[in-house]
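A.B. asks: The opening position of the sequence shown corresponds to residue 418 in this note's numbering, with each subsequent residue numbered one higher.
Idealized CB from N, CA, C, for every residue including glycine.
What follows is a structure written as structure tokens; I'll ask about it next.
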Amino acid sequence: MGTAQSGWSALAGGLLAAAVAVRRGWWWAAVALAVTAGLLQVVVGDLNIVADLAFAPVAFTLGAHRSRAVRQAGLVASILGVAGAATWAGVEATGSQGTGGPALSVAGMATAAALVLVGGWVTGYVRWQRREALRAHLDAQLRAAEERRLRDLVAIERDRLRIAADMHDVIAHSWAVVAAQADGARYAMRTDPAAAEDALGVIGETARGAMTDVRRLLGRLRDAELAADDDLGGPDELVTRMRASGMTVDVHREGTPDPAVAGAARLVLAEALTNALKHGDLSVPVRIEEAGGPVHRLTVTNRRGSPGAPGEGHGLRGMRERVERAGGRLTAGPTADGRWVVDAELPRAGAS
418 MGTAQSGWSA LAGGLLAAAV AVRRGWWWAA VALAVTAGLL QVVVGDLNIV ADLAFAPVAF
478 TLGAHRSRAV RQAGLVASIL GVAGAATWAG VEATGSQGTG GPALSVAGMA TAAALVLVGG
538 WVTGYVRWQR REALRAHLDA QLRAAEERRL RDLVAIERDR LRIAADMHDV IAHSWAVVAA
598 QADGARYAMR TDPAAAEDAL GVIGETARGA MTDVRRLLGR LRDAELAADD DLGGPDELVT
658 RMRASGMTVD VHREGTPDPA VAGAARLVLA EALTNALKHG DLSVPVRIEE AGGPVHRLTV
718 TNRRGSPGAP GEGHGLRGMR ERVERAGGRL TAGPTADGRW VVDAELPRAG AS
């Protein structure tokens, strides 16, 4: 019987190994395999203590799952597992030990099972809470940045209207003065050369003043275009936050970033990482590739998770609009091999 029991114990270990292997993609299959392995050990009365440690990562996966129903079911299953292990220990110890033996066996088995099952679930739940807190923090920052962008757009539009009015006043007044003085100088040129000379001086002074005013107005236009910048922190800060949530991020950078496109690139990176956190498979590293040059290139790649990947929502539209306003191009979507790729190209200032 010992040989048979060892065989059953090895089979239970194999089932638990399979449960750990499939737990991220098919949590329900992992639970079925783990329950089968546990029942098999109870029925044959042969525990594989080392293999039973695999219950912890399965419980962790349930505790960290996005679905509230799955998390709750995982907690219930963990508690039932502890109760079942304690009951089995009591039954096995009854009649084979002295007074107090069964109680000690039940307490020891319940403690060990709780550490593995409930401890694994609690650890996963804490990871889920950290991930949700980070997601909420990033969403709040993105919403605040979008609100600031909209406020800035309204302010820019008002400023443009003021600039248009100022431009009209500058040009209309200046050219009216120039036209009048030119006519006066033309008539006075023969009869009153001094008056004609004065008129030409006024024309020169008026033209120089108008050019100064136009330069000032154009400067305001340039400043207004750059006013709607964001405040999400630098790319390294974003990556640090994501790594704190449990995401593995591989960063590859080449060249020198262009400050003129840094704001747009930073928003694209933040939104792409947030989508990876929400919808991606966190067991696979997220890859960030950024390269300077005549065209600033930013590529963020992650493995698509289940369920689904992001559609064309506000975030992707906002990324595309921001990149297009900077004169660039953005593509975002799934690939045939199960990845999700965001690719942005932003022309550097002065690049042809």
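For the alpha helix (DSSP H) containing leucine 456, name the first residue and the last one.
C.D. replies: Here the alpha helix (DSSP H) through leucine 456 covers 444-461.
A.B. asks: With a threshold of 8 Å on Cβ separation, who are the neighbours of arginine 756 within its own chain once the five nearest residues in sequence on each side are excluded?
C.D. replies: Excluding sequence neighbours, arginine 756 sits near Thr718, Asn719, Arg720, Arg721.
A.B. asks: By Cβ distance below 7 Å, which residues in the same chain neighbour glutamate 666 in space, the five residues on each side in sequence not counted?
C.D. replies: The question names glutamate, yet the displayed sequence has valine at residue 666. Correct list, in chain order: Val656, Met659, Arg660, Pro702, Val703, Ile705.
A.B. asks: With C-beta atoms as the reference, is alanine 502 less than 8 Å away from alanine 527?
C.D. replies: Yes.
A.B. asks: Go ahead and pull the three-state DSSP assignment for valine 701.
C.D. replies: Coil, per DSSP.
A.B. asks: Determine contact between the segment 542-549 and the segment 468-483, defined as no fewer than three beta-carbon pairs at a distance below 8 Å.
C.D. replies: The answer is yes - the segment 468-483 touches the segment 542-549, with three or more Cβ pairs under 8 Å.
A.B. asks: With a 10 Å radius around its C-beta and 16 neighbouring C-beta atoms as the bar for buried, classify methionine 664 as buried or exposed.
C.D. replies: Counting Cβ neighbours within 10 Å, methionine 664 comes out buried, since at least 16 surround it.
A.B. asks: Could you check which residue in Glu738, Thr511, Arg765, Leu733 has the C-alpha nearest to that of glycine 710?
C.D. replies: Here the closest residue by C-alpha is Arg765.
A.B. asks: What did DSSP end up calling asparagine 465 once you bin it into helix, strand or coil?
C.D. replies: Residue state, collapsed to three classes: coil.
A.B. asks: Assuming leucine 690 is part of the alpha helix (DSSP H), what are its boundary residues?
C.D. replies: Where leucine 690 is concerned, the enclosing alpha helix (DSSP H) stretches over 676-696.
A.B. asks: Sort Ala602, Gly636, Thr608, Ala681 by Cα distance to isoleucine 620 and report the nearest one.
C.D. replies: Measuring from the Cα of isoleucine 620, the nearest candidate turns out to be Ala602.
A.B. asks: Which ranges does the alpha helix (DSSP H) cover as unbroken runs of at least 4 residues, wholly within the segment 495-564, from first to last along the chain?
C.D. replies: Runs of the alpha helix (DSSP H) inside the segment 495-564: 518-530.
A.B. asks: I'd like the list of long-range same chain contacts for alanine 435, defined as Cβ closer than 6 Å, with 5 residues on each side in sequence excluded.
C.D. replies: Result list for alanine 435: Leu450, in chain order.
A.B. asks: For aspartate 675, count neighbouring C-beta atoms within 10 Å of its own C-beta (all shown protein chains included) and say buried if the count is 16 or more, exposed if not.
C.D. replies: Burial call: buried.
A.B. asks: Which residue or residues does DSSP assign as beta-bridge partners of proline 751?
C.D. replies: Its beta-bridge partners are Trp757.
A.B. asks: So, helix, strand or coil for threonine 665, using DSSP?
C.D. replies: It is coil, neither helix nor strand.
A.B. asks: Ignore the nearest five residues each way along the sequence and tell me which others in threonine 691's own chain have a CB closer than 6 Å to its CB.
C.D. replies: Closer than 6 Å at the Cβ level, and outside the excluded window around threonine 691, lie Leu555.
A.B. asks: On the DSSP letters alone, give me the boundaries of the alpha helix (DSSP H) that threonine 478 sits inside.
C.D. replies: Counting along the chain, the alpha helix (DSSP H) containing threonine 478 begins and ends at 472-480.
A.B. asks: Alpha carbon to alpha carbon, how far is alanine 693 from methionine 418? Give it in angstroms, no decimals.
C.D. replies: Annotation note: pLDDT 40 at methionine 418 (below 50); position unreliable, no value reported.
A.B. asks: Once the 5 residues before and after arginine 714 are set aside, which same chain residues still bring their CB inside 6 Å of it?
C.D. replies: Once the five neighbours on either side are set aside, the close Cβ partners of arginine 714 are Ala708, Glu762.
A.B. asks: Since tryptophan 425 and valine 461 should fall inside the 8 Å C-beta cutoff, what is the C-beta to C-beta distance between them, to a whole number of angstroms?
C.D. replies: So it is a contact: roughly 4 Å between Cβ atoms.
A.B. asks: What three-state label does DSSP hand aspartate 647 in the structure shown?
C.D. replies: Only weak support is given to the placement of aspartate 647: the predicted model assigns it a pLDDT of 42, under 50, and the value that follows is read from those uncertain coordinates. If DSSP states are grouped into helix, strand and coil, aspartate 647 belongs with coil.
A.B. asks: Candidates Ala613, Met584, Pro652: which alpha carbon is nearest methionine 628's?
C.D. replies: Nearest C-alpha to methionine 628: Met584.
A.B. asks: If you draw a straight line from the C-alpha of valine 533 to the C-alpha of leucine 470, how long is it?
C.D. replies: Their Cα atoms are separated by approximately 6 Å.
A.B. asks: Cα separation between alanine 454 and valine 439?
C.D. replies: So the two alpha carbons sit approximately 15 Å from each other.
A.B. asks: Can you tell me where the beta strand (DSSP E) holding arginine 721 begins and where it ends?
C.D. replies: Element bounds for arginine 721: n/a, residue is neither H nor E.
A.B. asks: Indicate the three-state DSSP secondary structure (helix, strand or coil) for arginine 632 in the structure shown.
C.D. replies: Three-state DSSP puts arginine 632 in a helix.
A.B. asks: Taking DSSP as the reference, what is the three-state secondary structure of arginine 483?
C.D. replies: Coil at arginine 483, not helix or strand.
A.B. asks: For a quick check, are the C-beta atoms of glycine 536 and alanine 473 less than 8 Å apart?
C.D. replies: Yes. Within cutoff.
A.B. asks: By the 10 Å Cβ neighbour count, where 16 or more other Cβ atoms means buried, how is threonine 464 classified, buried or exposed?
C.D. replies: Note on residue identity: the sequence assigns leucine, not threonine, to residue 464. With 16 or more other Cβ atoms within 10 Å, it is buried.
A.B. asks: On the DSSP bridge assignment, give the partners of threonine 574 in chain order.
C.D. replies: The sequence as given places glutamate at residue 574; threonine does not occur at that position. DSSP, once it has assigned bridges, lists no residue as partnering glutamate 574.
A.B. asks: To the nearest angstrom, how far is the alpha carbon of arginine 577 from that of arginine 633?
C.D. replies: So the alpha carbons of these two residues sit roughly 13 Å apart.
A.B. asks: Using 10 angstroms around the beta-carbon of glutamate 564, count the other beta-carbons present and answer buried if the total reaches 16, otherwise exposed.
C.D. replies: Label assigned to glutamate 564: exposed.
A.B. asks: Buried or exposed: serine 522, going by 16 or more other Cβ atoms within 10 Å of its Cβ?
C.D. replies: By the neighbour-count rule (16 or more Cβ atoms within 10 Å), serine 522 is buried.
A.B. asks: Name, in chain order, the residues that DSSP records as bridge partners for glutamate 706.
C.D. replies: Note: glutamate 706 sits in a beta bridge opposite His669, Thr716.
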